[in-house]
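In our numbering, the protein residues as written are 8 to 217.
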Amino acid sequence: MDILYFTPDEYHELREKDERLGKVMDIATLRIREITPDLFMTMVKQMIHQQISMKSAETVWGRFEEKLGAITPKTLLNLPIDELQGLGVSIKKAVWIHEAAKKFHENPLFYTQLSTKSNEDIRNHLLTFSGIGPWTVDMLLMFSLARKDILSYEDLGVKNGLMKLYGLESLSKKEFQFYREKFSPLGTLASLYFWEVYAKDFPMDKLPPM
């Protein structure tokens, strides 16, 4: 199993950036976060999961695996769109998946060289895919490509956790950028802690008053 990993030095570096977040790090125990290095497979799974329940999405994903074996651009391109629909996705999602398979199939070199690309280059490219928005790109960067500096304004858990921690009533994109720069280059690790703070059972009473 591949996991999102940070070194002890990286934890120390983040702790030194902000005293209040450092207190959160003393309290919270992060759960292991699995990553899926296969970007195409992860993207297809994200498309399937959109706007349906987790249980329904996992059922559909199981059908894909049973039908195709390996989820690759080639196996999906070999399956007509109507057969994709038969596995439980809408016509819109079936078209998205076929389009993504075609892009990966036609430009394999780009995807084999992702480790050399900047977050912004990857983001701009992935946003050309139908059905892929800014939040999905951020999650792909974090949990497929294991990029360590992703603090997503589009993620409600991150944003609300940050607001909760610092006692903010609102947070504009410009204001959020201040925190993104503050916690760089460890935005992803900071995100994990903001998710913890956002959880209902996080013991805010153990933090010093603002």
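All C-beta atoms, glycine included, are put in the ideal place defined by N, C-alpha and C.
Does DSSP classify I10 as helix, strand or coil?
In this structure, I10 counts as strand in the three-state DSSP scheme.
Closest by CA to L199, which one among K181, L214, G164?
Looking only at K181, L214, G164, the smallest Cα-Cα distance to L199 is reached by G164.
Could you check if L91 is buried or exposed, using at least 16 other CB atoms within 10 Å of its CB as the buried criterion?
Classification for L91: buried.
Applying the 10 Å Cβ sphere with the 16-neighbour rule, what's the burial state of R27?
It counts as exposed.
Three-way DSSP call (helix, strand, coil) for E41 in this model
The answer is strand: DSSP assigns E41 an E or B state.
Reduced DSSP secondary structure (H/G/I, E/B, other) of T159
Sequence check: residue 159 is Ser here, not Thr. Three-state result, S159: coil.
To the nearest angstrom, report how far apart D25 and F190 are at their CA atoms.
The straight-line gap from Cα to Cα measures roughly 8 Å.
Take E65 as the anchor and find which of G95, A77, D45 has the nearest alpha-carbon.
If you compare the alpha carbons of G95, A77, D45 with that of E65, the shortest gap goes to G95.
Take K171 as the anchor and find which of S125, M211, T143, I139 has the nearest alpha-carbon.
For the residues S125, M211, T143, I139, the minimum Cα distance to K171 belongs to M211.
Could you check where the alpha helix (DSSP H) with R70 kicks off and where it finishes?
Secondary structure note for R70: its alpha helix (DSSP H) is the uninterrupted segment 61-75.
Just to confirm the assignment, what range does the alpha helix (DSSP H) spanning R154 have?
From DSSP, R154 is part of no alpha helix (DSSP H); its letter is neither H nor E.
State the start and end residues of the unbroken alpha helix (DSSP H) segment that holds M32.
Element bounds for M32: 26-34.
State the Cα-Cα distance for the pair Q58 and L158, rounded to the nearest angstrom.
If I take the Cα positions, the gap works out to 23 Å.
What did DSSP end up calling S16 once you bin it into helix, strand or coil?
In the sequence under discussion, the amino acid at residue 16 is Asp, which differs from the Ser named in the question. Helix at D16.
Reduced DSSP secondary structure (H/G/I, E/B, other) of K109
Note: K109 maps to helix in three-state DSSP.
Through-space distance from Y160 to R187, alpha-carbon basis
A straight line joining the alpha-carbon of R187 with that of Y160 spans about 9 Å.
Stretch pair the stretch 127-145 + the stretch 95-111: three plus CB contacts closer than 8 Å
The answer is yes - the stretch 95-111 touches the stretch 127-145, with three or more Cβ pairs under 8 Å.
Out of N167, N85, L116, point me to the one whose CA is closest to S177's CA.
If we check each option's Cα against that of S177, N167 comes out closest.
Leaving out the 5 sequence neighbours to the left and right, which residues in its chain are closer than 7 Å to K81 when beta-carbon positions are compared?
For K81, where only same-chain residues beyond five positions count, the Cβ hits under 7 Å are H112.
Quick one: does S122 have its CB under 7 Å from some CB of chain C?
The displayed structure is made up of one protein chain only, and chain C is not part of it.
Close-in-space but distant-in-sequence residues of the same chain around L75 (CB under 6 Å, 5 per side omitted):
Excluding positions up to five away in sequence, the list reads T82.
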